[in-house]
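Engineer: The structure under discussion is supplied below as structure tokens; questions concerning it will follow.
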Amino acid sequence: MRILLQTLGCKLNFSETSSLAQALREAGHQTVGKGEEADVCVLNTCSVTDVADQKGRQAIRRLHREHPGALLIVTGCYAQLQPEQVASIEGVNYVVGANDKEQIISLIEDYKNNRANWSYKPNRLCTDLAAPAGRLSEAGKAFHPSCSKEDRTRCFLKVQDGCDYFCTYCTIPMARGTSRNAPVADTVALAQKAIDEGAKEIVLTGVNIGDFGKSTGETFADLVRALDNVRGEVRYRISSCEPNLLSDDIIDFVAQSRHFAPHFHIPLQSGSNEVLQIMHRRYTRELFAERVARIHSRMPGAFIGVDCMVGVRGETPEMFRDYVHFLEKLEVSQLHVFPYSERANTRMVEMDLPIVPKDEQHRRVDVLLRLSEDKLKAFYLKHRGTQATVLWEGACKGRQMAGWTENYIRITAPYNEKKINTFEKLWI
Numbered sequence: 028m029r030i031l032l033q034t035l036g037c038k039l040n041f042s043e044t045s046s047l048a049q050a051l052r053e054a055g056h057q058t059v060g061k062g063e064e065a066d067v068c069v070l071n072t073c074s075v076t077d078v079a080d081q082k083g084r085q086a087i088r089r090l091h092r093e094h095p096g097a098l099l100i101v102t103g104c105y106a107q108l109q110p111e112q113v114a115s116i117e118g119v120n121y122v123v124g125a126n127d128k129e130q131i132i133s134l135i136e137d138y139k140n141n142r143a144n145w146s147y148k149p150n151r152l153c154t155d156l157a158a159p160a161g162r163l164s165e166a167g168k169a170f171h172p173s174c175s176k177e178d179r180t181r182c183f184l185k186v187q188d189g190c191d192y193f194c195t196y197c198t199i200p201m202a203r204g205t206s207r208n209a210p211v212a213d214t215v216a217l218a219q220k221a222i223d224e225g226a227k228e229i230v231l232t233g234v235n236i237g238d239f240g241k242s243t244g245e246t247f248a249d250l251v252r253a254l255d256n257v258r259g260e261v262r263y264r265i266s267s268c269e270p271n272l273l274s275d276d277i278i279d280f281v282a283q284s285r286h287f288a289p290h291f292h293i294p295l296q297s298g299s300n301e302v303l304q305i306m307h308r309r310y311t312r313e314l315f316a317e318r319v320a321r322i323h324s325r326m327p328g329a330f331i332g333v334d335c336m337v338g339v340r341g342e343t344p345e346m347f348r349d350y351v352h353f354l355e356k357l358e359v360s361q362l363h364v365f366p367y368s369e370r371a372n373t374r375m376v377e378m379d380l381p382i383v384p385k386d387e388q389h390r391r392v393d394v395l396l397r398l399s400e401d402k403l404k405a406f407y408l409k410h411r412g413t414q415a416t417v418l419w420e421g422a423c424k425g426r427q428m429a430g431w432t433e434n435y436i437r438i439t440a441p442y443n444e445k446k447i448n449t450f451e452k453l454w455i
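If you read the sequence shown in our numbering, its first letter stands for residue 28, the second for the next number, and so on.
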């Protein structure tokens, strides 16, 4: 069977789709790319915002239009949270919840074996494998490891899944289930396998990776230490880690480790303590500033990316100005900015708080995006004339190739095939 897989959303989704692709190839199927003919289309969706849901619907319609005779399977968080809505879209055959992706192979095998008797009808085989919105599925209590291998330079290693935090604006715990992980030893073995197969950079991904160990009696610090002992030439990046879980122990270890890059991505969500309370976040902005200061005290050249949400219910103009002033003083490298969107079955939609109009949300997004541009320029200028190690990637534009330094500065150079997937020390 020729199978087209498409992924929307986060690195975790990408990792899971990649592992699914590998399993399908091992089962004798052929994965195809965009523009190629497909017998089956699998779409792995995101549902972090209403825009993500909209992109999911657009992708479903596009796949059905481009592959009208193909079996269409929709999975991921959007499928988990809104199965009936997904099922109602023309062309969808199966709806598979975010935590039930392992069922996709058996669905495809069943289709392959019964294809001779197949008569295509929209939604004919749509099944309710996803849990109803607002409930955790039983599958959300199991951990399914994955590691992307589509790009031989960089891998996304899934180290954790699910979340126990239930912030007032977020549906992810309902889509992904409770916090869980594989044992440290199993995770390290998966990383070592990727390295042995040629991976030079591994990004640790999950829903709440700092919460690693909930299901095995271990800690994220245990995992970081164990990963640093692997064989081979590799570097790790830590993806989004909650500030209250990014301990001094972890920061100090990364600073002197052999393989971990001085690169952190920390969700702030708001620089106003009042808004953080509305969101039910588990830290204050003062603690966040302490984490940033600790990183810089141990790794002065570290890259620090920050997630920033604007326009939640109850965020007054005064609170937003306070938020901006806090960020202006904070020594971070880049902001990932997005507007709040109302999500069904979250506590925030039940709060009796003023709603920020969409046009004002967009204005606030623009304010933070301009601030982000200024901070990124300042970060690059600060490191001009310094020495760094670049990992060259295979992708190129024209005669130029690109790579990233350990602290996430993008470097370009004339294309040289021999340099792909190699480290090089140079002056920026």
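Glycine included, every Cβ here is placed at the ideal spot set by N, Cα and C.
Only a predicted model underlies this, so the values are computations on that prediction, with no experimental measurement involved.
Nearest CA to the CA of residue 379: which residue from 209, 342 and 251?
Structural biologist: Checking every option, the nearest Cα to that of residue 379 belongs to 342.
Engineer: Measure the alpha-carbon distance for residue 291 versus residue 332 and round it to whole angstroms.
Structural biologist: Near 6 Å, if we compare the C-alpha coordinates of residue 332 and residue 291.
Engineer: For residue 329, which residues from the same chain have a beta carbon less than 7 Å from its beta carbon, with the 5 sequence-adjacent residues on both sides left out?
Structural biologist: Contacts found: 289, 290, 291, 322, 323 and 434.
Engineer: Looking at chain C, is there any beta carbon in it that lies within less than 8 Å of the beta carbon of residue 122?
Structural biologist: Of the protein chains in this structure there is only one, and it is not chain C.
Engineer: Does the separation of the CB atoms of residue 170 and residue 209 fall below 8 Å?
Structural biologist: A contact, by the Cβ cut-off of 8 Å.
Engineer: Provide the residue(s) that pair with residue 299 in DSSP beta bridges, ordered along the chain.
Structural biologist: The partner list for residue 299 (beta bridge, DSSP) is empty, contrary to what the question assumes.
Engineer: So, is residue 222 buried or exposed, given that buried needs 16 or more other C-beta atoms within 10 angstroms?
Structural biologist: With 16 or more Cβ atoms within 10 Å of its Cβ, residue 222 is classed as buried.
Engineer: Please classify residue 153: does DSSP put it in a helix, a strand, or coil?
Structural biologist: Caution applies to residue 153, whose pLDDT of 42 falls short of 50 and renders its modelled position unreliable; the model cannot decide the point.
Engineer: On the criterion of 16 or more Cβ atoms from any shown chain inside 10 Å, does residue 127 qualify as buried, or is it exposed?
Structural biologist: With 16 or more Cβ atoms within 10 Å of its Cβ, residue 127 is classed as buried.
Engineer: Is residue 68 near residue 36, with beta carbons less than 8 Å apart?
Structural biologist: Cβ distance not < 8 Å, so residue 68 and residue 36 don't count as in contact.
Engineer: Using only alpha-carbon positions, find the residue among 248, 309 and 301 that is nearest to residue 279.
Structural biologist: When only C-alpha atoms are compared, the closest one is 248.
Engineer: Exposed or buried, which one is residue 365 when buried takes at least 16 other CB atoms within 10 Å?
Structural biologist: Residue 365 comes out buried.
Engineer: Residue 404 to residue 79, Cα distance in whole Å?
Structural biologist: So the two alpha carbons sit approximately 29 Å from each other.
Engineer: When DSSP labels each residue in this structure, what does residue 187 get in the three-state scheme?
Structural biologist: Here residue 187 sits in coil by DSSP.
Engineer: I'd like to confirm the pairing. Which residues does DSSP put opposite residue 294 in its beta bridges?
Structural biologist: Residue 294 is bridged to 334.
Engineer: Please classify residue 55: is it buried, with 16 or more other beta-carbons within 10 angstroms of its beta-carbon, or exposed?
Structural biologist: It counts as exposed.
Engineer: With a floor of 3 residues, list each beta strand (DSSP E) that falls wholly inside the region 397–442, ordered by position along the chain.
Structural biologist: Counting whole runs of 3 or more residues, the region 397–442 contains the beta strand (DSSP E) stretches 414–424, 427–432 and 437–441.
Engineer: Alpha carbon to alpha carbon, how far is residue 139 from residue 427? Give it in angstroms, no decimals.
Structural biologist: The straight-line gap from Cα to Cα measures roughly 43 Å.
Engineer: If you count every other CB in all the chains shown that lies within 10 Å of the CB of residue 107, and 16 or more means buried, which is it?
Structural biologist: Residue 107 should be labelled buried.
Engineer: I need the DSSP call for residue 239, collapsed to helix, strand or coil.
Structural biologist: Of the three classes helix, strand and coil, the one that applies to residue 239 here is coil, per DSSP.
Engineer: Which residue wins for smallest C-alpha separation from residue 353, given the options 370, 315 and 83?
Structural biologist: For residue 353, the nearest C-alpha among the options comes from 315.
Engineer: Please determine, among 62, 50 and 144, the residue with the shortest C-alpha to C-alpha distance to residue 131.
Structural biologist: Closest by alpha carbon: 50.
Engineer: Beta-carbon within less than 7 Å of residue 270's beta-carbon, same chain only, minus the 5 sequence neighbours each way: which residues are those?
Structural biologist: Closer than 7 Å at the Cβ level, and outside the excluded window around residue 270, lie 293, 310, 314, 315 and 318.
Engineer: Compute the Euclidean distance between the alpha carbons of residue 187 and residue 173, then round it to the nearest angstrom.
Structural biologist: Rounded to whole angstroms, residue 187 to residue 173 spans 10 Å at the Cα level.
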